[in-house]
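Each protein sequence line maps, in turn, to chains A and B. Counted the way numbering that gives the first Met the number 0 counts, the first sequence spans residues 0 to 340. Counted the way numbering that gives the first Met the number 0 counts, the second sequence spans residues 0 to 340. Quick notes on the structure that follows.
Protein chains: 2
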Amino acid sequence: MATIKDVAKLAGVDASTVSLALNANPRISAATRLRVEEAARQLNYQKNYLARGLRARQSATIGVVISGWSSAFWGEIMTGIENTVRSRDYHMMVTFSGGDVQAEHKHIEALLGKQVDGLIIAPVPQPPHARAYQMLQARPVPFVFIDRYVPEVPADLVCTDNVEAGRRVAEHLWTLGHRQAVYCHNASERATSTEERFEGILQVFAPERVTRVGLTSEDRAHLWDQFYAGMQAVVPFSSDVTAVIAGNDMIGVATLRALQDCGLRIPDDVSVTGFDDLDIARMTNPPLTTVAQAKEEIGATATRLLLDRIASRGTDAPCQVRLSASLIVRRSTGAAAQAPL
Amino acid sequence: MATIKDVAKLAGVDASTVSLALNANPRISAATRLRVEEAARQLNYQKNYLARGLRARQSATIGVVISGWSSAFWGEIMTGIENTVRSRDYHMMVTFSGGDVQAEHKHIEALLGKQVDGLIIAPVPQPPHARAYQMLQARPVPFVFIDRYVPEVPADLVCTDNVEAGRRVAEHLWTLGHRQAVYCHNASERATSTEERFEGILQVFAPERVTRVGLTSEDRAHLWDQFYAGMQAVVPFSSDVTAVIAGNDMIGVATLRALQDCGLRIPDDVSVTGFDDLDIARMTNPPLTTVAQAKEEIGATATRLLLDRIASRGTDAPCQVRLSASLIVRRSTGAAAQAPL
DNA sequence: TTCCACAAATCAAACGATTGAACGAGCACG
DNA sequence: CGTGCTCGTTCAATCGTTTGATTTGTGGAA
Numbered sequence: 000m001a002t003i004k005d006v007a008k009l010a011g012v013d014a015s016t017v018s019l020a021l022n023a024n025p026r027i028s029a030a031t032r033l034r035v036e037e038a039a040r041q042l043n044y045q046k047n048y049l050a051r052g053l054r055a056r057q058s059a060t061i062g063v064v065i066s067g068w069s070s071a072f073w074g075e076i077m078t079g080i081e082n083t084v085r086s087r088d089y090h091m092m093v094t095f096s097g098g099d100v101q102a103e104h105k106h107i108e109a110l111l112g113k114q115v116d117g118l119i120i121a122p123v124p125q126p127p128h129a130r131a132y133q134m135l136q137a138r139p140v141p142f143v144f145i146d147r148y149v150p151e152v153p154a155d156l157v158c159t160d161n162v163e164a165g166r167r168v169a170e171h172l173w174t175l176g177h178r179q180a181v182y183c184h185n186a187s188e189r190a191t192s193t194e195e196r197f198e199g200i201l202q203v204f205a206p207e208r209v210t211r212v213g214l215t216s217e218d219r220a221h222l223w224d225q226f227y228a229g230m231q232a233v234v235p236f237s238s239d240v241t242a243v244i245a246g247n248d249m250i251g252v253a254t255l256r257a258l259q260d261c262g263l264r265i266p267d268d269v270s271v272t273g274f275d276d277l278d279i280a281r282m283t284n285p286p287l288t289t290v291a292q293a294k295e296e297i298g299a300t301a302t303r304l305l306l307d308r309i310a311s312r313g314t315d316a317p318c319q320v321r322l323s324a325s326l327i328v329r330r331s332t333g334a335a336a337q338a339p340l
Numbered sequence: 000m001a002t003i004k005d006v007a008k009l010a011g012v013d014a015s016t017v018s019l020a021l022n023a024n025p026r027i028s029a030a031t032r033l034r035v036e037e038a039a040r041q042l043n044y045q046k047n048y049l050a051r052g053l054r055a056r057q058s059a060t061i062g063v064v065i066s067g068w069s070s071a072f073w074g075e076i077m078t079g080i081e082n083t084v085r086s087r088d089y090h091m092m093v094t095f096s097g098g099d100v101q102a103e104h105k106h107i108e109a110l111l112g113k114q115v116d117g118l119i120i121a122p123v124p125q126p127p128h129a130r131a132y133q134m135l136q137a138r139p140v141p142f143v144f145i146d147r148y149v150p151e152v153p154a155d156l157v158c159t160d161n162v163e164a165g166r167r168v169a170e171h172l173w174t175l176g177h178r179q180a181v182y183c184h185n186a187s188e189r190a191t192s193t194e195e196r197f198e199g200i201l202q203v204f205a206p207e208r209v210t211r212v213g214l215t216s217e218d219r220a221h222l223w224d225q226f227y228a229g230m231q232a233v234v235p236f237s238s239d240v241t242a243v244i245a246g247n248d249m250i251g252v253a254t255l256r257a258l259q260d261c262g263l264r265i266p267d268d269v270s271v272t273g274f275d276d277l278d279i280a281r282m283t284n285p286p287l288t289t290v291a292q293a294k295e296e297i298g299a300t301a302t303r304l305l306l307d308r309i310a311s312r313g314t315d316a317p318c319q320v321r322l323s324a325s326l327i328v329r330r331s332t333g334a335a336a337q338a339p340l
């Protein structure tokens with residue numbers, strides 16, 4: 000692979016001239032620059048970003064740590080990140096924590112070794128982690144939390160306004176006459192997002208009107224089966240429940256099917272809502288009422304925030320962006336089966 | 000950030016000693032090595048992979064170019080890649096081509112500039128691209144095609160045995176008594192995988208017994224709607240069709256819903272099959288019969304292949320791996336509605 | 001003609017890690 | 001006591017690019 004020296008030789012100038020010319024430095028005359036550019040083209044020269052990064056102490060690369068790729072939710076977030084990263088001539092390295100705090104921190108360390116200029120992190124929702132992030136904060140590498148955060152760590156953050164989102168769903172159901180609901184979420188993800196959505200629900204439903212059900216599933220492969228079984232076990236018990244608010248669309252769809260297979264009609268007997276607005280939400284029968292998160296926008300905003308911070312070396316106060324989510328009413332919700340009390 | 004020199008100073012040795020010690024070179028005595036390791040720990044030293052990469056002419060990073068993150072299919076492939084990459088202390092940079100040949104090649108160039116040691120590519124299924132890959136082949140950077148390939152370019156390849164997969168679905172339907180089918184796929188993806196599956200189907204159904212329908216959709220956001228509309232338009236026309244073979248699960252689900260909304264019963268009136276075995280396939284009502292691709296395995300195998308080739312600098316003949324797919328029979332397929340002719 | 005200003009290009013020293021060659025100390029052997 | 005050997009460490013060059021300092025060359029003013 001041709002280096003700057005090869006170009007220099009061909010163009011009959013010094014290597015430093017080539018560097019300056021290719022970076023359009025005004026120190027170099029237009030004539031020389033053109034000659035250099037021509038030589039570079041002939042040799043199919045490509046800048047070595049390793050060398051440039053070493054010298055500039057910048058790698059033009061950011062690291063992204065998410066728990067996994069499983070859901071389409073993260074796919075869309077990644078799309079937002081990738082588009083933005085690329086539009087700024089950056090690259091990204093991606094790693095998956097698999098929901099394991101240890102792994103997450105090992106990956107962060109590894110990424111720092113690769114000299115990433117910044118990090119986008121969806122922190123693992125497990126308690127004993129604050130210290131590691133605080134250590135990260137001591138480093139000169141900026142990072143942005145995405146979708147979730149760590150309360151003890153005041154860092155940049157981009158996520159959905161989950162309290163508002165929870166409230167919106169709840170209001171929708173309340174307006175339809177529902178007075179007793181179940182909030183059903185993935186218990187292994189005790190993430191801030193899950194909690195905040197519940198908080199929003201509580202702004203509408205009094206605590207005694209919402210039952211919170213955390214479903215567990217160690218094994219991702221059987222997630223759906225467990226959710227399905229979980230819902231079949233839970234819902235029929237409380238016959239006054241007329242609405243189920245699911246923590247995400249996957250659970251929402253599982254709920255829908257589980258209830259239908261119990262002989263309940265949706266939405267006539269029970270209304271069901273999801274969260275995220277993934278493709279699947281519109282494919283069910285009836286299609287799922289859900290809350291649309293601005294997924295790509297979350298990724299894009301986080302990336303912009305990070306790249307700006309990298310560029311400005313700014314250490315201003317943390318910037319927290321909470322994007323509004325919009326309620327998408329489909330046919331899985333309807334007037335309450337039982338008249339309000 | 001501490002460099003090797005800082006560690007050297009603290010440990011009272013030369014920088015080169017530190018390097019050797021940390022790489023567990025036997026030239027260095029155990030005592031010194033321990034002292035160096037201790038110093039490194041104290042300073043929280045981290046190797047700078049930019050510098051190491053520059054010197055070693057290796058970046059310990061591979062590039063991955065896929066068309067996008069949209070479907071969970073790619074998510075699982077990425078999971079396989081990431082796990083393998085990480086287990087070998089490599090990293091990966093990911094870019095999305097968005098199905099655009101131009102973009103794809105720009106990204107490949109950019110990744111080469113970042114000195115990736117190898118590439119995993121899901122080539123964009125558009126014709127005028129062979130030359131660019133052939134140029135890539137002239138470079139010393141190995142690459143592996145994944146899921147799809149470019150016939151003109153003899154390169155490493157890992158994908159599903161699509162002919163066999165297509166044949167399996169077809170056999171399943173044929174055995175159930177179906178004699179007239181529709182093969183419905185995404186027309187904008189005229190990928191080798193799509194073609195090969197059709198080839199497999201033709202091993203069972205004579206050409207006049209299968210209608211091939213390519214649905215188009217420019218706009219990803221409306222993919223589902225278009226598939227849905229497309230299927231509603233297509234299927235009822237030919238009343239002797241008793242089975243629809245979808246090119247992927249997304250189309251399968253759309254088909255299912257479209258037919259149901261036309262008043263057809265699945266599988267009593269029409270059988271429907273998908274492809275990929277994504278989560279959604281089991282969530283529909285009835286759950287979708289589909290072909291399970293070994294998605295993670297595809298990613299993992301491709302990565303292993305690539306890393307081995309990088310390690311061995313081998314230029315042996317291209318290695319093409321075709322993984323078997325397994326038929327997952329669910330309830331969307333049943334005996335043919337009409338008796339065989 | 002001498003000197004200065006200025007533009008254009010080159011020099012040379014980084015960046016941080018790696019590695020073949022060189023070095024010095026200690027030891028055994030003849 | 002000199003020679004040759006091993007072992008452990010250091011020297012110094014290198015990877016490819018960037019950039020502040022320096023040189024070279026031209027023209028104009030005094």
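Even for Gly, the Cβ is constructed at its ideal location relative to N, Cα and C.
In terms of residue numbering, what span does the alpha helix (DSSP H) encompassing residue i cover?
i, result
"A:VAL100", "100–112"
"A:SER15", "14–21"
"B:VAL67", "This sequence places Gly at residue 67 of chain B; Val is not what is there. Careful: B:GLY67 lies outside any alpha helix (DSSP H) and carries neither H nor E."
"A:THR302", "294–311"
"B:ILE3", "3–10"
"B:GLY52", "48–55"
"A:THR241", "From DSSP, A:THR241 is part of no alpha helix (DSSP H); its letter is neither H nor E."
First and last residue of the beta strand (DSSP E) that includes residue i?
i, result
"A:MET92", "90–95"
"B:THR289", "289–291"
"B:GLN319", "319–322"
"B:ILE27", "No beta strand (DSSP E) holds B:ILE27; DSSP gives it neither H nor E."
"A:SER325", "325–327"
"A:GLY117", "117–120"
Under a Cβ-count criterion, where at least 16 other Cβ atoms within 10 Å of its own Cβ denotes burial, should residue i be classed as buried or exposed?
i, result
"B:LEU340", "Note that B:LEU340 has pLDDT 38, beneath the 50 cutoff, so the model's placement of it is unreliable and no number is given."
"A:GLN101", "exposed"
"B:GLY52", "buried"
"A:PRO266", "buried"
"B:GLU195", "buried"
"B:SER15", "exposed"
"A:CYS158", "buried"
"A:ALA338", "Legend: pLDDT at A:ALA338 = 45, less than 50; position of this residue unreliable, value from coordinates given subsequently. That one is exposed."
Let me make sure I understand the geometry here. Which of the options has the alpha-carbon closest to that of residue i?
i, options, result
"B:LEU110", "A:ALA291, A:GLY213 and A:ARG85", "A:ARG85"
"B:LYS8", "B:ASN22, B:GLU36, B:ARG312 and B:ASN24", "B:GLU36"
"B:ILE65", "B:ARG40, B:ALA20, B:ARG147 and B:ILE27", "B:ARG147"
"A:GLY229", "A:GLU81, A:VAL252 and A:THR241", "A:VAL252"
"B:GLY11", "B:GLY213, B:ASN24, B:THR31 and B:ASP239", "B:THR31"
"A:ALA335", "A:LEU49, A:ASN185 and A:ALA242", "A:ALA242"
"A:VAL149", "A:TRP73, A:VAL115, A:THR191 and A:MET77", "A:THR191"
"A:ASN43", "B:GLU103, B:GLU108 and B:ARG330", "B:GLU108"
"B:LEU49", "A:ARG34, A:LYS113 and A:VAL17", "A:LYS113"
"B:ALA291", "B:GLN202, B:ARG138 and B:ASN161", "B:ASN161"
"B:ASP248", "B:CYS183, B:VAL140, B:ARG138 and B:PHE95", "B:CYS183"
"A:ALA210", "A:VAL181, A:TYR227, A:ASP224 and A:ASN185", "The amino acid at residue 210 of chain A is misidentified as Ala; the sequence shows Thr. The candidate whose alpha carbon is nearest that of A:THR210 is A:VAL181."
"B:GLY393", "B:GLU81, B:LEU277 and B:ALA1", "With chain B covering 0 to 340 only, the question about residue 393 of chain B has no answer from this structure."
"A:ILE279", "B:LEU118, B:THR215, B:SER69 and B:ARG130", "B:SER69"
"B:THR2", "B:ILE27, B:ASP224, B:ALA39 and B:GLU207", "B:ALA39"
"A:GLU103", "A:GLY67, A:THR215 and A:PRO25", "A:GLY67"
Just checking, does the region 172–182 of chain A make contact with the region 145–162 of chain A on the three C-beta pairs under 8 angstroms criterion? no
Does the region 127–138 of chain A come close enough to the region 289–297 of chain A that 3 or more CB-CB pairs lie under 8 angstroms? no
Please specify which runs of the beta strand (DSSP E), each continuous and at least 3 residues long, are wholly inside the region 130–182 of chain B, giving them in chain order. 142–145 and 155–159
Which runs of the alpha helix (DSSP H) spanning at least 4 residues fall entirely within the region 182–216 of chain A, listed in chain order? 191–201
Extract the residue ranges of the alpha helix (DSSP H) inside the region 244–286 of chain A, only unbroken runs of 4 or more that lie entirely within it. 248–260 and 278–282
Can you find at least 3 beta carbon pairs, one from the region 55–65 of chain B and one from the region 76–90 of chain B, that sit closer than 8 angstroms? yes
Cβ contact (3+ pairs, closer than 8 angstroms) linking the region 160–168 of chain B and the region 314–330 of chain B: yes
Looking at C-beta atoms only, is the number of pairs between the region 114–127 of chain A and the region 275–291 of chain A that lie closer than 8 angstroms three or more? no
Just checking, does the region 270–286 of chain B make contact with the region 247–257 of chain A on the three C-beta pairs under 8 angstroms criterion? yes
Within 8 angstroms, do at least three Cβ pairs link the region 265–274 of chain B to the region 13–22 of chain B? no
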